[in-house]
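To start, the structure under review is shown below, and the notes come after it.
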Amino acid sequence: MDHIALQKELQDQGLIILPGFFDPLVIGQIQAAAKAVFDIQFKRFEIQGDYLLQMQSLFENHLDEFIACGKMIQSGLIELYQLAVNPQIVQLMKDLGLAHPLMCTRPVLFFNHPSLAKSEHFYKTPLHQDWTSMLASDDSLVVWLPLMDIEMEHGPVVFYPGSHKLGPLTDRLENGFAQVDFDRAAYPRVQKAMKLGDIAVFSTLLVHESGVITNDEIRWSCHFRYTNMEDPTFIENGFPHPYIYKPSQELIDKYLHKNS
Ligand SMILES: [Fe+2]
């Protein structure tokens, strides 16, 4: 499909899915790089077994380390950053109409399974729009991709095409998510199995939610968010950026005084 057709589909639906956009081998390396970080702590604690069992064991018996691995991966996995600024994806953003794209949040990598979370919102996001938490350009976009082949049992994202035309539906965040009141029955529902290398690109105003994980595999995925610095409203608003990124005194105290 040419750029004009893709732009039109994105404007109409708020969503496009591009099969085989990336080389599956490159994407596979990201999950391997993330797992390698966990492996270091599995080795330290001599945790054996299959991957989900190892993850469950670290989660249940060494929660601080489990969270720390997740944070290291989310904030510093080199392969993830490289993908987010890959020339192919930057060009795609331009082709889709973002004249001057910038990343407006850090890249995010998710590894979700009900057995690796203390409460549901950590593995299953409710109906929400990304836009409110970002306040980015009206045409800002999310790129979501699985880091594995995902079937319906892995609970791929559920999208509601056309819902982006409703504009922002809330000004409230809960657990970091701009949850929305939304009548699922009023819109079509798109939830697709996706292969390694496929990507979904969607408007930050599109209503979406996590699918339900019904198998015993961790769902690995990531997303990147891009804003358009040439968007007149975004310029007029002065480029708001609501994310907070700061060190935690609580964690510093916990680490420095762990033996006292
Ligand atoms: Fe989202």
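Final position of the sequence shown in the numbering used here is 1030; the numbers increase by one with none missing.
Glycine included, C-beta positions come from ideal geometry on N, C-alpha and C.
Bear in mind that the values here come from a model prediction, so they are computed numbers and not experimental data.
As an exercise, report each continuous beta strand (DSSP E) stretch of at least 3 residues that is fully enclosed by the segment 897 to 946, in chain order. Runs found: 911 to 916.
Any heavy atom of ligand 1 closer than 8 angstroms to the Cβ of V912? Taken from the Cβ of V912, at least one heavy atom of ligand 1 lies inside 8 angstroms.
Own chain, CB closer than 8 angstroms to Q852, minus 5 neighbours either side, in chain order: Excluding positions up to five away in sequence, the list is empty.
If I follow the unbroken alpha helix (DSSP H) through S845, where does it start and stop? Secondary structure note for S845: its alpha helix (DSSP H) is the uninterrupted segment L833 to G846.
Check each candidate in F881, L943 and D1023 and name the one with the smallest Cα separation from P739. No answer is possible for residue 739: it lies beyond the span of the chain, which begins at 771 and ends at 1030.
Applying the 10 Å Cβ sphere with the 16-neighbour rule, what's the burial state of D834? Per the 10 Å Cβ criterion, exposed.
Should V855 go down as buried or exposed, given a rule of 16 or more other Cβ atoms within 10 Å for buried? When all chains shown are included, V855 counts as exposed.
Looking only at DSSP bridge pairs, what is Q949 linked to? Looking at the DSSP assignment, Q949 forms a beta bridge with H898.
Excluding the five sequence neighbours on either side, which residues of its own chain have a C-beta within less than 6 angstroms of the C-beta of S910, listed in chain order? Contacts found: T974 and T997.
Could you check which residue in K841, I810 and P871 has the C-alpha nearest to that of A906? Of the candidates K841, I810 and P871, P871 places its Cα closest to the Cα of A906.
State the Cα-Cα distance for the pair L936 and L879, rounded to the nearest angstrom. Cα-Cα distance, rounded: 28 angstroms.
Which partner residues does F745 have in the DSSP bridge list? Here the chain covers residues 771 to 1030 and nothing more, so residue 745 does not appear.
Taking 8 angstroms as the cut-off, is the C-beta of H934 nearer than that to any heavy atom in ligand 3? Looking at this structure, you won't find ligand 3 anywhere; what it does contain is ligand 1.
Shorter than 8 angstroms, the distance from the beta carbon of D941 to the closest heavy atom of ligand 1, or not? No, Cβ of D941 sits at least 8 angstroms from all heavy atoms of ligand 1.
What is the DSSP secondary structure of M999, counted as helix, strand or coil? DSSP places M999 in coil when its eight states are reduced to three.
Out of curiosity, what's the CA-to-CA distance linking G867 and F1004? About 15 angstroms.
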